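To start, the structure under review is shown below, and the notes come after it.
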Amino acid sequence: MQPERVYFYGTCLVDLFYPEAGMAGIRLLRRAGVEVLFPEGQTCCGQPAFNCGYREEARAVARGQVALFPLDIPVVLPSGSCAGMMRNHYPELFHGEPDEARVRAFSGRVFELTQFLVDVLDVRLEDLGEPVKVTWHSSCHALRDLGLEGQPQSLLGQLANVELAPLGRERECCGFGGTFAVRHPEISGSMACDKADDAVATGASRVLSTDGGCLLNVQGALEAKGEALRVQHIAEFLWERTHAR
Amino acid sequence: MHAETGFRESAAQALGDPQIRANFRRAMDGLMAKRAAQFPDPEDFQAMRHLGTAIRARSLLKLPALLEQLEASCLRNGIQVHWARTCEEGNELILGLLQARGATRLVKGKSMVSEEMGLNHFLEAHGVEALESDLGEYIIQLDQETPSHIIMPAIHKNKTQIARQFSQKIKDAKYTEDVDELTALARKVLRRKFFEADAGLSGVNFAVADTGTLCLVENEGNGRMSTHVPPLHIAVMGLEKVVETLEDVAPLYALLTRSATGQAVSTYLNLIRGPRGPGELDGPREVHLVILDNGRSRIYADPQLRATLRCIRCGACMNHCPVYTRVGGHAFQAVYPGPIGTILTPQMEGVGVRHELLHGSSLCGACAEVCPVEIPIPEIIVRLRREATHRDAASAVEGRGTGRTATEDLAWRLWAAVLSRPRVYRLAAWCATRFRRLIPGGLPLLKAWTLSRAKPVPARRSLQERVREEGLPHG
Ligand code: SF4
Numbered sequence: 112m113q114p115e116r117v118y119f120y121g122t123c124l125v126d127l128f129y130p131e132a133g134m135a136g137i138r139l140l141r142r143a144g145v146e147v148l149f150p151e152g153q154t155c156c157g158q159p160a161f162n163c164g165y166r167e168e169a170r171a172v173a174r175g176q177v178a179l180f181p182l183d184i185p186v187v188l189p190s191g192s193c194a195g196m197m198r199n200h201y202p203e204l205f206h207g208e209p210d211e212a213r214v215r216a217f218s219g220r221v222f223e224l225t226q227f228l229v230d231v232l233d234v235r236l237e238d239l240g241e242p243v244k245v246t247w248h249s250s251c252h253a254l255r256d257l258g259l260e261g262q263p264q265s266l267l268g269q270l271a272n273v274e275l276a277p278l279g280r281e282r283e284c285c286g287f288g289g290t291f292a293v294r295h296p297e298i299s300g301s302m303a304c305d306k307a308d309d310a311v312a313t314g315a316s317r318v319l320s321t322d323g324g325c326l327l328n329v330q331g332a333l334e335a336k337g338e339a340l341r342v343q344h345i346a347e348f349l350w351e352r353t354h355a356r
Numbered sequence: 095m096h097a098e099t100g101f102r103e104s105a106a107q108a109l110g111d112p113q114i115r116a117n118f119r120r121a122m123d124g125l126m127a128k129r130a131a132q133f134p135d136p137e138d139f140q141a142m143r144h145l146g147t148a149i150r151a152r153s154l155l156k157l158p159a160l161l162e163q164l165e166a167s168c169l170r171n172g173i174q175v176h177w178a179r180t181c182e183e184g185n186e187l188i189l190g191l192l193q194a195r196g197a198t199r200l201v202k203g204k205s206m207v208s209e210e211m212g213l214n215h216f217l218e219a220h221g222v223e224a225l226e227s228d229l230g231e232y233i234i235q236l237d238q239e240t241p242s243h244i245i246m247p248a249i250h251k252n253k254t255q256i257a258r259q260f261s262q263k264i265k266d267a268k269y270t271e272d273v274d275e276l277t278a279l280a281r282k283v284l285r286r287k288f289f290e291a292d293a294g295l296s297g298v299n300f301a302v303a304d305t306g307t308l309c310l311v312e313n314e315g316n317g318r319m320s321t322h323v324p325p326l327h328i329a330v331m332g333l334e335k336v337v338e339t340l341e342d343v344a345p346l347y348a349l350l351t352r353s354a355t356g357q358a359v360s361t362y363l364n365l366i367r368g369p370r371g372p373g374e375l376d377g378p379r380e381v382h383l384v385i386l387d388n389g390r391s392r393i394y395a396d397p398q399l400r401a402t403l404r405c406i407r408c409g410a411c412m413n414h415c416p417v418y419t420r421v422g423g424h425a426f427q428a429v430y431p432g433p434i435g436t437i438l439t440p441q442m443e444g445v446g447v448r449h450e451l452l453h454g455s456s457l458c459g460a461c462a463e464v465c466p467v468e469i470p471i472p473e474i475i476v477r478l479r480r481e482a483t484h485r486d487a488a489s490a491v492e493g494r495g496t497g498r499t500a501t502e503d504l505a506w507r508l509w510a511a512v513l514s515r516p517r518v519y520r521l522a523a524w525c526a527t528r529f530r531r532l533i534p535g536g537l538p539l540l541k542a543w544t545l546s547r548a549k550p551v552p553a554r555r556s557l558q559e560r561v562r563e564e565g566l567p568h569g
């Protein structure tokens, strides 16, 4: 059954770097007939600290975020990584804490955007754009942590004029990995550069992904190489293709 | 073994070496493809690994009892069992066995545990020649190197490098790049050594508690030669290698060879039951089993970390690791490189000294995805990162809390202070978007980022500002 209302969680990277992706996500949901609530006070899911082993700090931030979503309705995120954190790691992070039950209930309501559009809303998209070739990069966390399986591809597949060129080594990490990118910039950078090269080799004009971290990383590598190829969040791309101007 | 330079420096060095990068990329791509071909059906793979995981988990659950049973069964079969708490104890033990029999020439089958012990150096310092007979091990021994992979020790070298090395280091060898000729050359050298050796040493892939059988998986036959030809055979294993019954071996063996090299079966599977019996024509006269702890019982004691000991040393995690693929095994500066090394090394040597290694992972999860015994490597990495910086009372991890720095601590406290105060965050976001092009590239984190990437520029307006303009309900 289709829910009437959902919460939208912007995530810090979308908030600061890809606000249009956030807006597009909200619009896609509203067009599908869902009312979107956007609680104020959103900051970050807490993943960076959690991954580095700073659990108290992660918990302090996460606790404040959970409190923003009291209603028993879905929470939709334009990020596989943050959705994975909230869905799979919050219960563990709050294990044994007094608010564990509340957090667990919250985690059970969390969805990544494309997952929600396909699995819950079963949206149908009509392509209004010119023919274009794109390629797709999965974020590792969307893929392996959250278990996103083919939802983004199935949405892209609904667009008649969009050709999806397979990315070489699609399942290989782009090298972002949060603090990994700055703790081991040489290794991370070489991964980003290889990903950028693979993307260029597809001949596509855009690399799409569902995670701000990957977008930032691959974009940075492409720009440093002077490539014209650009990255884009899938939500923004879907909206761009399917709304009448 | 201790690192002379940090992981970061040695990784950067490897990244700057196009030969290393090309060798690893080619080899790992090949191995990934071969493994994938062995597991065409994801559901079959899941079923197989659930079984493998269950067997390993059950063995570990009963570990103390199984080890006792193994000792009794081995003794019954005529295999003498020795226990070593530390690498030093293990080395002394083996040296003692050799010296008591006047043995000075040892041929070795492949054994990562003996690498862990630094056995070759130790023996050589005491007048025992220890010759590696696995082709890969032999190649790196000629160059006095350490293995860069737990299954394929010389994977960092290509044909030309090996050809050059053989022609320089093997007496009367002429230069050839023909792989068959190179193999034949090594074979000729090693053949003679097998017959001259006073003792043979091997690792153990699985030790069966019930029957006292030592299982040895290999492809070259050198394992069989080292364990069969010399009069004395010494097997070394980590104490986690025990399984309950022979039936447990088949599924693990199937997972091991498929995950490691993409083979359905290996060329040889040696099942060693004991020394030569009366009236038998061949086989060693004495067989000894050395069981090494070296921190394993400490790992065993922790319910989460115990999963580390499920490892069957197939190397699939390194083959699929994007970091390993780029920097190679030596950059890890550890006996066990790659993802398994990233969790095993700090547990053995202490989390503090290996802090940097723990952060050399993007947590992409490719390792856990392929691991045939479902070791949650990324989760354990995160756990150990915590252990490195916190001294939690309940934990027994070696060196916990010693990787803590005041700067990092402060950074995370500041991070939490900003992000648990939405108003402060909003102010920071406002500044970042308004002064988006003015953010100095010389800031520590940005500087690292921009080594190979363009500076990221925040949007003109944050999503939260855009949403406010649109007037969305807050809920
Ligand atoms: S951790 Fe898993 S994949 Fe890696 S070597 Fe051990 S068993 Fe193989």
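Chains as they are written, first to last, in the numbering used here: chain A, 112 to 356; chain B, 95 to 569. Ideal placement from N, C-alpha and C gives every residue a C-beta, glycine not left out. Since the model is a prediction, treat every value here as computed from it, not as a measurement.
> Taking C-alpha atoms, which residue in B:413, B:222, B:218 and B:291 lies nearest to residue 466 of chain B?
Replying inline: B:413
> If you run the structure through DSSP and keep just helix, strand and coil, what is residue 95 of chain B?
Replying inline: Residue placement at residue 95 of chain B is flagged as unreliable, the pLDDT there being 39, under the threshold of 50; the coordinate-derived value follows with that caveat. The answer is coil: DSSP assigns residue 95 of chain B none of H, G, I, E or B.
> Taking 7 Å as the cut-off, is the CB of residue 467 of chain B close to at least one heavy atom of the ligand SF4?
Replying inline: yes
> Who are the near neighbours of residue 424 of chain B in its chain, counting only those whose CB is closer than 6 Å to its CB and skipping five residues on each side?
Replying inline: 242
> Is there contact here, the stretch 397-413 of chain B with the stretch 430-446 of chain B, by at least three beta-carbon pairs under 8 Å?
Replying inline: yes
> For residue 464 of chain B, is the beta carbon positioned less than 7 Å from some heavy atom of the ligand SF4?
Replying inline: yes
> From residue 550 of chain B to residue 486 of chain B, what distance separates their C-alpha atoms?
Replying inline: 37 Å
>> Run through chain A and tell me which residues come within less than 7 Å of residue 519 of chain B, C-beta to C-beta.
In response: 154
> Would you call residue 525 of chain B buried or exposed, if buried means 16 or more other Cβ atoms sit within 10 Å of its Cβ?
Replying inline: exposed
> Within 10 angstroms of its Cβ, does residue 95 of chain B collect 16 or more other Cβ (buried), or is it exposed?
Replying inline: Any reading at residue 95 of chain B needs caution, since the residue's pLDDT is 39, under 50, leaving its predicted position unreliable; the model's value is listed next. Result: exposed.
> Roughly how many angstroms separate the alpha carbons of residue 342 of chain A and residue 217 of chain B, rounded to a whole number?
Replying inline: 57 Å
> Could you check where the alpha helix (DSSP H) with residue 146 of chain A kicks off and where it finishes?
Replying inline: First-last for residue 146 of chain A: 146-148, but that is the beta strand (DSSP E), not the alpha helix (DSSP H).
> Looking at residue 353 of chain B and the ligand NAP, is the gap between the Cβ and the nearest heavy atom below 7 Å?
Replying inline: For the ligand NAP, the structure offers nothing, since it holds only the ligand SF4.
> For the ligand SF4, is there a heavy atom less than 7 Å away from the beta-carbon of residue 332 of chain B?
Replying inline: no
> Quick one, are the C-beta atoms of residue 209 of chain A and residue 180 of chain A less than 8 Å apart?
Replying inline: no
>> Can you tell me whether residue 302 of chain B is buried or exposed? The criterion is at least 16 other CB atoms within 10 Å of its CB, across all chains shown.
In response: buried
>> Quick check: is any heavy atom of the ligand SF4 less than 7 Å from the C-beta of residue 567 of chain B?
In response: no
>> Please report the distance separating the alpha-carbon of residue 506 of chain B from that of residue 115 of chain B.
In response: 35 Å
> From residue 537 of chain B to residue 213 of chain B, what does the alpha carbon distance come to, in whole angstroms?
Replying inline: 47 Å
> Based on Cα-Cα distance, which residue from B:340, B:445, B:348 and B:325 lies nearest to residue 371 of chain B?
Replying inline: B:325
> Going along chain B in order, which residues have a C-beta closer than 7 Å to the C-beta of residue 128 of chain A?
Replying inline: 550, 552 and 553
> So what's residue 296 of chain B in DSSP terms, helix, strand or just coil?
Replying inline: strand
> List, in order along the chain, the chain B residues whose C-beta lies closer than 7 Å to that of residue 294 of chain A?
Replying inline: 453
> residue 461 of chain B lies in the alpha helix (DSSP H); which residues open and close that run?
Replying inline: 460-464
> How many whole angstroms separate the CB atoms of residue 321 of chain B and residue 385 of chain B, which I take to be in contact at a CB cut-off of 8 Å?
Replying inline: 17 Å between Cβ atoms; not a contact.
> How about residue 245 of chain A and residue 275 of chain A: do their beta carbons lie closer than 8 Å?
Replying inline: yes
> How is residue 192 of chain A classed by DSSP in three states: helix, strand or coil?
Replying inline: helix
> Three or more beta-carbon pairs under 8 Å between the stretch 461-479 of chain B and the stretch 504-520 of chain B, yes or no?
Replying inline: no
>> Residues in the same chain with beta-carbon distance under 6 Å from residue 152 of chain B, minus the five sequence neighbours each way, listed in chain order, please.
In response: none
> Between B:522, B:500, B:408 and B:252, which lies nearest to residue 119 of chain B when the distance is taken from Cα to Cα?
Replying inline: B:252
> Which residues share a DSSP beta bridge with residue 174 of chain B?
Replying inline: B:382
> Terminal residues of the continuous beta strand (DSSP E) containing residue 116 of chain A?
Replying inline: 116-119
>> Strictly by DSSP, which residues pair up with residue 307 of chain B?
In response: B:302
>> Which residues does DSSP list as the beta-bridge partners of residue 224 of chain B?
In response: B:200
> If you compare alpha carbons, which of B:356, B:328, B:318 and B:300 is closest to residue 344 of chain B?
Replying inline: B:300
>> For a test of the three-state rule: what should DSSP assign to residue 388 of chain B, helix, strand or coil?
In response: coil
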